[in-house]
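Novice: Let me begin by handing over the structure; questions about it come next.
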Amino acid sequence: MTPEVRRGHVTRACELFNAGEYWLAHEALETVWRSIITDGDEAAAQVWQGLIQAAAALLHQRRGNAHGVAVVGRSALEKLAGPQRADVEVETVRFRDRLARALADEAPPPRLELRGGDGELNDR
2 MTPEVRRGHV TRACELFNAG EYWLAHEALE TVWRSIITDG DEAAAQVWQG
52 LIQAAAALLH QRRGNAHGVA VVGRSALEKL AGPQRADVEV ETVRFRDRLA
102 RALADEAPPP RLELRGGDGE LNDR
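Numbering-wise (our numbering), the sequence shown opens with residue 2 and increments by one.
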(Lines of atoms letter the chains of each structure in order from A; the text may use other names.)
(Lines give C-alpha, C1' and ligand atoms only; values in the text may rest on other atoms or scores of the structure.)
Protein backbone atom coordinates (compact mmCIF):
# COMPACT_ATOMS: atom_id res chain seq x y z
CA MET A 2 0.00 0.00 0.00
CA THR A 3 1.47 3.36 -0.96
CA PRO A 4 1.72 6.09 1.69
CA GLU A 5 -0.90 8.13 -0.18
CA VAL A 6 -3.39 5.25 -0.30
CA ARG A 7 -2.73 4.46 3.36
CA ARG A 8 -3.28 8.10 4.33
CA GLY A 9 -6.59 8.04 2.46
CA HIS A 10 -7.75 4.96 4.38
CA VAL A 11 -6.65 6.45 7.70
CA THR A 12 -8.37 9.77 6.96
CA ARG A 13 -11.57 7.97 5.99
CA ALA A 14 -11.39 5.80 9.11
CA CYS A 15 -11.11 8.92 11.29
CA GLU A 16 -14.07 10.54 9.55
CA LEU A 17 -16.22 7.44 9.98
CA PHE A 18 -15.16 6.88 13.59
CA ASN A 19 -15.83 10.49 14.55
CA ALA A 20 -19.26 10.31 12.89
CA GLY A 21 -20.10 7.31 15.08
CA GLU A 22 -19.95 4.90 12.14
CA TYR A 23 -17.93 2.41 14.15
CA TRP A 24 -18.49 -0.65 11.95
CA LEU A 25 -17.41 1.20 8.80
CA ALA A 26 -14.45 2.72 10.67
CA HIS A 27 -13.53 -0.79 11.83
CA GLU A 28 -13.45 -1.92 8.19
CA ALA A 29 -11.31 1.05 7.07
CA LEU A 30 -8.88 0.53 9.95
CA GLU A 31 -8.69 -3.16 9.15
CA THR A 32 -7.50 -2.36 5.63
CA VAL A 33 -4.50 -0.51 7.09
CA TRP A 34 -3.92 -3.26 9.67
CA ARG A 35 -3.84 -5.95 6.99
CA SER A 36 -1.19 -4.04 5.02
CA ILE A 37 0.95 -3.74 8.16
CA ILE A 38 0.66 -7.47 8.84
CA THR A 39 1.80 -8.09 5.27
CA ASP A 40 4.84 -5.88 5.93
CA GLY A 41 5.62 -7.87 9.09
CA ASP A 42 5.58 -5.02 11.65
CA GLU A 43 3.95 -6.82 14.58
CA ALA A 44 4.30 -3.95 17.08
CA ALA A 45 2.58 -1.45 14.78
CA ALA A 46 -0.03 -4.05 13.84
CA GLN A 47 -0.89 -4.44 17.52
CA VAL A 48 -1.68 -0.72 17.85
CA TRP A 49 -3.86 -0.79 14.73
CA GLN A 50 -5.63 -3.86 16.05
CA GLY A 51 -6.30 -1.89 19.25
CA LEU A 52 -7.90 0.88 17.20
CA ILE A 53 -10.05 -1.67 15.37
CA GLN A 54 -11.11 -3.15 18.71
CA ALA A 55 -11.87 0.32 20.06
CA ALA A 56 -14.37 0.81 17.24
CA ALA A 57 -15.86 -2.63 17.93
CA ALA A 58 -16.11 -1.95 21.68
CA LEU A 59 -17.94 1.33 21.08
CA LEU A 60 -20.31 -0.46 18.71
CA HIS A 61 -20.96 -3.06 21.43
CA GLN A 62 -21.60 -0.22 23.87
CA ARG A 63 -24.11 1.40 21.52
CA ARG A 64 -25.91 -1.92 21.14
CA GLY A 65 -26.01 -2.53 24.90
CA ASN A 66 -23.68 -5.54 24.85
CA ALA A 67 -21.90 -5.14 28.20
CA HIS A 68 -19.92 -8.37 27.78
CA GLY A 69 -18.63 -7.23 24.38
CA VAL A 70 -17.66 -3.86 25.81
CA ALA A 71 -15.76 -5.50 28.66
CA VAL A 72 -13.91 -8.11 26.63
CA VAL A 73 -13.17 -6.19 23.43
CA GLY A 74 -12.67 -2.90 25.27
CA ARG A 75 -10.13 -4.43 27.65
CA SER A 76 -8.21 -5.90 24.72
CA ALA A 77 -8.25 -2.56 22.89
CA LEU A 78 -6.92 -0.73 25.94
CA GLU A 79 -4.13 -3.29 26.36
CA LYS A 80 -3.06 -2.98 22.73
CA LEU A 81 -3.15 0.84 22.84
CA ALA A 82 -1.04 1.08 26.02
CA GLY A 83 2.35 2.71 25.80
CA PRO A 84 3.86 5.76 24.14
CA GLN A 85 2.80 7.21 20.82
CA ARG A 86 4.37 5.34 17.93
CA ALA A 87 5.89 7.56 15.25
CA ASP A 88 4.63 5.22 12.51
CA VAL A 89 0.97 5.44 13.58
CA GLU A 90 -0.78 8.35 11.91
CA VAL A 91 -3.41 8.84 14.62
CA GLU A 92 -2.93 10.07 18.17
CA THR A 93 -3.19 7.10 20.54
CA VAL A 94 -2.17 8.23 24.04
CA ARG A 95 -5.02 10.65 24.78
CA PHE A 96 -7.31 8.51 22.65
CA ARG A 97 -6.68 5.53 24.95
CA ASP A 98 -7.39 7.57 28.08
CA ARG A 99 -10.61 8.94 26.61
CA LEU A 100 -11.63 5.50 25.37
CA ALA A 101 -11.24 4.06 28.87
CA ARG A 102 -13.51 6.78 30.29
CA ALA A 103 -16.06 6.30 27.50
CA LEU A 104 -16.19 2.54 27.97
CA ALA A 105 -16.79 3.11 31.69
CA ASP A 106 -19.72 5.42 30.76
CA GLU A 107 -17.87 8.38 32.28
CA ALA A 108 -17.39 10.39 29.07
CA PRO A 109 -18.52 10.58 25.46
CA PRO A 110 -16.70 8.49 22.86
CA PRO A 111 -13.22 9.74 21.97
CA ARG A 112 -12.37 11.26 18.62
CA LEU A 113 -9.81 9.61 16.40
CA GLU A 114 -7.41 12.39 15.43
CA LEU A 115 -4.86 12.45 12.62
CA ARG A 116 -1.32 13.51 13.43
CA GLY A 117 0.67 15.65 11.03
CA GLY A 118 4.04 14.72 9.59
CA ASP A 119 5.65 16.52 12.53
CA GLY A 120 3.77 14.36 15.03
CA GLU A 121 1.38 17.14 16.04
CA LEU A 122 -2.39 16.82 15.70
CA ASN A 123 -3.82 18.19 12.49
CA ASP A 124 -6.43 20.91 12.83
CA ARG A 125 -9.43 19.49 11.04
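Quick reminder that beta carbons are idealized off the backbone N, C-alpha and C, glycines included.
Here the structure is a predicted model, which means the values were calculated and not measured.
Work out the CA separation of H10 and V73 for me, nearest whole Å.
Specialist: Residue numbering aside, residue 73 sits at position 72 when the sequence shown is read from its first letter. Residue numbering aside, residue 10 sits at position 9 when the sequence shown is read from its first letter. If I take the Cα positions, the gap works out to 23 Å.
Novice: Let me know the secondary structure DSSP gives R95 once reduced to three states.
Specialist: The residue labelled residue 95 in the question sits at position 94 within the sequence shown. The answer is helix: DSSP assigns R95 an H, G or I state.
Novice: Quick one: what's L115 bridged to in DSSP?
Specialist: Locating residue 115 in the sequence shown gives position 114, where the first residue counts as 1. The partner list for L115 (beta bridge, DSSP) reads V91.
Novice: Measuring alpha carbon to alpha carbon, tell me which residue in E92, L104 and A82 is nearest R64.
Specialist: As a working note, residue 64 is residue 63 in the sequence shown. Among E92, L104 and A82, the Cα nearest to that of R64 is on L104.
Novice: Look up R35 in the DSSP assignment and say whether it is helix, strand or coil.
Specialist: Along the sequence shown, read from residue 1 onward, the residue named residue 35 stands at position 34. Helix.
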